[in-house]
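Trainee: Residue numbers (the UniProt record's numbering): 1 to 162. The beta carbon of each residue, even a glycine, is placed where N, CA and C say it ideally should be.
1. In this structure, how does DSSP classify residue 174 when only helix, strand and coil are distinguished?
2. What is the residue span of the alpha helix (DSSP H) that residue 21 lies within?
3. If we count Cβ pairs, one from each stretch, closer than 8 Å, do we get three or more for the stretch 118-129 versus the stretch 76-94?
4. Where residue 45 and residue 32 are concerned, what is the direct C-alpha to C-alpha distance, given to the nearest angstrom?
5. May I ask you to verify whether the stretch 98-112 touches the stretch 123-133, counting CB pairs closer than 8 Å and requiring at least 3?
6. How many Å lie between residue 38 and residue 30 at the Cα?
7. Closest to residue 135 by C-alpha separation, out of 57, 145, 151, 65, would be which residue?
8. At the level of alpha carbons, what is the spacing between residue 13 and residue 22?
9. Between 138, 133, 25, which has its C-alpha nearest residue 153's C-alpha?
10. Taking only three categories from DSSP, how would you classify residue 2?
11. Quick one: what's got a C-beta closer than 6 Å to residue 35's C-beta in the same chain, skipping five residues either side?
12. Work out the CA separation of residue 87 and residue 80 for me, nearest whole Å.
13. Tell me, please, whether the CB atom of residue 151 is closer than 8 Å to any CB atom in chain B?
Structure representation (structure tokens):
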């Protein structure tokens, strides 16, 4: 059967205790220190990653804001250009309408002047005709039948001459 040796058991326990103390002093301390350094390095890396992530988010937001501003500026420029074009278009239409109106007025005046000149020419011609008729009547002023014949002859002459 199995026999228990107390002396061996106590020595084994002392060996385990000494081994534990030696390991604690020479192994656990440096390993714990290495693990602590590793933990700090990981935490620093995570903090740096968070910081860079935040910077990236800020840059993204700045970029998006800049894009929005550029879009707003472009929209404003296009709107202003359209307004200018419409204003210029209206200005040109008004100028053209004014020019047409002036041309119409000038044409009306020209027509009126031509009409007046024609009327004066006709009046002068009628006066000349009347004077010629009167001169013939005065030369041959005999009686009504002769006057009528002279007028008819004169009208026939003038009608054939034209």
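Mentor: According to the structure shown:
1. In this structure the chain extends from 1 to 162, so residue 174 is not present and cannot be described.
2. 6-23
3. no
4. 20 Å
5. no
6. 12 Å
7. 151
8. 14 Å
9. 133
10. coil
11. none
12. 10 Å
13. Going by chain labels, chain B is absent from the structure shown, which holds only one protein chain.
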